[in-house]
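Presented below is the structure to which this report refers.
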Amino acid sequence: MKLTVVGAGYVGLTTAVCFAHLGHEVMVVEKLPNKVELLKEGKVPFYEPGLEELLKENLSLGRLSFTTELKQGLNFSEVIFICVGTPQNPDGSADLSQVEEVARETAKIMESYKLFVEKSTVPVNTHKLIKRTVERYLQRRGKQIEFDVVSNPEFLREGSAIKDFLEPDRIVVGVESQRARQIMEELYRDFKCPIIFTDPATSELIKHASNSFLAMKISYINMVADLCEKVGADVRLVAEGMGYDKRIGREFLRAGIGWGGSCFPKDIKAFIKMAKDHGVDFSLLEEVDKINQRRAVQFVEKVKNVLWSLKGKTLAVWGLSFKPNTDDIREAPSLRIIPLLLKEGAFLKLYDPKAMENFKALYPPGKDLTYEKDIYKTVEGASALLILTEWEEFEKADLERVKELMELPIIVDGRNMYDPKRVRELGFEYYGVGVP
Ligand code: NAD
Numbered sequence: 123m124k125l126t127v128v129g130a131g132y133v134g135l136t137t138a139v140c141f142a143h144l145g146h147e148v149m150v151v152e153k154l155p156n157k158v159e160l161l162k163e164g165k166v167p168f169y170e171p172g173l174e175e176l177l178k179e180n181l182s183l184g185r186l187s188f189t190t191e192l193k194q195g196l197n198f199s200e201v202i203f204i205c206v207g208t209p210q211n212p213d214g215s216a217d218l219s220q221v222e223e224v225a226r227e228t229a230k231i232m233e234s235y236k237l238f239v240e241k242s243t244v245p246v247n248t249h250k251l252i253k254r255t256v257e258r259y260l261q262r263r264g265k266q267i268e269f270d271v272v273s274n275p276e277f278l279r280e281g282s283a284i285k286d287f288l289e290p291d292r293i294v295v296g297v298e299s300q301r302a303r304q305i306m307e308e309l310y311r312d313f314k315c316p317i318i319f320t321d322p323a324t325s326e327l328i329k330h331a332s333n334s335f336l337a338m339k340i341s342y343i344n345m346v347a348d349l350c351e352k353v354g355a356d357v358r359l360v361a362e363g364m365g366y367d368k369r370i371g372r373e374f375l376r377a378g379i380g381w382g383g384s385c386f387p388k389d390i391k392a393f394i395k396m397a398k399d400h401g402v403d404f405s406l407l408e409e410v411d412k413i414n415q416r417r418a419v420q421f422v423e424k425v426k427n428v429l430w431s432l433k434g435k436t437l438a439v440w441g442l443s444f445k446p447n448t449d450d451i452r453e454a455p456s457l458r459i460i461p462l463l464l465k466e467g468a469f470l471k472l473y474d475p476k477a478m479e480n481f482k483a484l485y486p487p488g489k490d491l492t493y494e495k496d497i498y499k500t501v502e503g504a505s506a507l508l509i510l511t512e513w514e515e516f517e518k519a520d521l522e523r524v525k526e527l528m529e530l531p532i533i534v535d536g537r538n539m540y541d542p543k544r545v546r547e548l549g550f551e552y553y554g555v556g557v558p
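Just so we're aligned: 204 in this note's numbering is position 82 of the sequence shown, and the numbers increase by one with no gaps anywhere.
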């Protein structure tokens, strides 16, 4: 099939590259010219494992092309994947201006049938707004052109985007017309997972309901972790004991310093706002969000309790991205924790395998903060090592060497990455989250 993808971010680029990999011809419309130039050269402007290789391969096979011109994209195919950003408005709602722009600009120039596919995460009934906008402009132009709007939310995770896209747990398609349904059935014909067809509103809701539920699971286990710390129980075993129950499931029960990223924080707020706008009190989710906000403060309190005072102390920080295998720092716990540590007067040595450049843009190196070239340089002379992201590189670290390099062998592990027994046997003082 011929497909057009609008927006070359994590979702748009993954969608385009993966569909090309499956044999489709894909044209990507991205409004940032420098991004398009990079992509044409086979370079991915962010870090996502395997994406650059697959991009290069499909560019050379001639299945992928990039443009800044929407018109070119519209002439290319009848299926338009909307993969633009839906960031947060100050009141918590989703800012849909990028989605509106794609609908409006398309309606101004389209000359034949188009299928708008919402891949971006949008509030329930956004399909109706897209429809209204397109109808208005077509009417204004005196054109009678058929079109459909389909909701097809994306569930991929950064760090494992390609696998998640190609082998999803399920595909959700919210569709109204038979014509649109047939196109979507053809597109996903070779996928092995369940494909759930619903009406568009239900499909839109599935995405927000899923993300909020996952955020709730993490906040829940984090509260259990707090209780574990008080009573001397081990949250990792509590989670294991709970997780084998099929009704609960094992995923997303890892206690730590909280969730972040470009999705959960904004999606949960959008869901709360959506419910409120429709007169539904979803204060359960407000609490989930508050619990998460508190994690950073609690973590810094823990570090303070361990070291007594942070003033003038050198602290090593491993991990800045919101999770491993990505350079994305949007809403990362590190962004909440680092300023608190600096406020306490600590001197910070930071290291992350991929996210340092993004972090530097917000926190340039200075007299109270440096960026180090590797994990060992980072811990030299440090009074404690703080772990904020569970990168595999940290798991494999030579802890004997780390111990030798530190001023004091203390680890405060915000991700429960290490086995407390093992690191204590190596001679570290170790503090995890909800572990004795
Ligand atoms: P992003 O901000 O990384 O990328 C969006 C891209 O769209 C940018 O490159 C931007 O320049 C481009 N763009 C904006 N308006 C445009 C226009 N009119 N024409 C052409 N290009 C335009 O966003 P993302 O992380 O890829 O997320 C996109 C959507 O998918 C969001 O709604 C998000 O909530 C959702 N989502 C994200 C993830 C994730 O892990 N990042 C997972 C699932 C769903």
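All residues carry an ideal CB built from backbone N, CA and C; glycine is no exception.
Scanning 266, 304, 233 and 273 for the CA closest to the CA of residue 251 turns up 273. Per DSSP, the unbroken beta strand (DSSP E) holding residue 125 starts and ends at 124-128.
Between residue 321 and residue 298, the C-beta gap is smaller than 8 Å, which places the two residues in contact.
Assigned with DSSP and collapsed to three states, residue 325 falls in helix. Taking all protein chains shown into account, residue 316 has fewer than 16 neighbouring C-beta atoms within 10 Å of its C-beta and is therefore exposed. DSSP places residue 515 within a helical segment (H, G or I) once states are collapsed to three.
In this structure, residue 477 has its CB at a distance of at least 7 Å from all heavy atoms of the ligand NAD.
The beta carbon of residue 278 sits closer than 7 Å to at least one heavy atom of the ligand NAD. For the options 519, 481, 505 and 486, the alpha carbon positioned closest to that of residue 496 is the one of 519. Using a 10 angstroms sphere on the CB of residue 430, the tally of other CB atoms stays under 16, which defines it as exposed.
Looking at the DSSP output, residue 473 shares a beta bridge with 440. Counting along the chain, residue 236 sits inside the beta strand (DSSP E) bounded by residues 236-240. Taking non-hydrogen atoms of the ligand NAD into account, the C-beta of residue 128 is found less than 7 Å away from one of them. Of all alpha-carbon atoms in 282, 203 and 211, the one lying nearest the alpha-carbon of residue 228 is that of 203.
Contact between residue 424 and residue 534 is confirmed by a C-beta separation of about 6 Å, below the 8 Å threshold.
Rounded to the nearest angstrom, the Cβ distance from residue 371 to residue 436 is 41 Å, too far for a contact under 8 Å. DSSP places residue 269 inside the beta strand (DSSP E), whose first and last residues are 269-273.
Judged by their CB atoms, residue 199 and residue 232 are not nearer to each other than the 8 Å cut-off. C-alpha of residue 325 to C-alpha of residue 249: approximately 10 Å in a straight line. For residue 182, the enclosing alpha helix (DSSP H) stretches over residues 173-182. Per the coordinates, the alpha-carbon of residue 219 lies some 45 Å from the alpha-carbon of residue 501. In terms of CA proximity to residue 525, 546 leads the group 143, 546 and 511. The bridge partners DSSP lists for residue 553 are 534. In the three-state reduction of the DSSP assignment, residue 297 falls in the coil class, being assigned neither a helical nor a strand state.
A Cβ-Cβ separation of about 5 Å places residue 241 in contact with residue 276 under the 8 Å criterion. For residue 366, no alpha helix (DSSP H) run applies, since DSSP gives it neither H nor E. In this structure, residue 378 sits away from residue 201, with a CB-CB distance that is not shorter than 8 Å. In the three-state DSSP reduction, residue 304 falls in the helix class (H, G or I). Taking C-beta separations shorter than 6 Å and ignoring five residues to either side along the sequence, residue 541 has no partners in its chain. Residue pairing by DSSP places residue 149 opposite 126 and 187 in a beta bridge. Note: residue 204 is bridge-paired with 128 and 240 in the DSSP secondary-structure output.
Residue 521 and residue 381 have their C-alpha atoms spaced approximately 27 Å apart.
If you draw a straight line from the Cα of residue 361 to the Cα of residue 516, it comes to about 23 Å. For residue 392, the three-state secondary structure derived from DSSP is helix.
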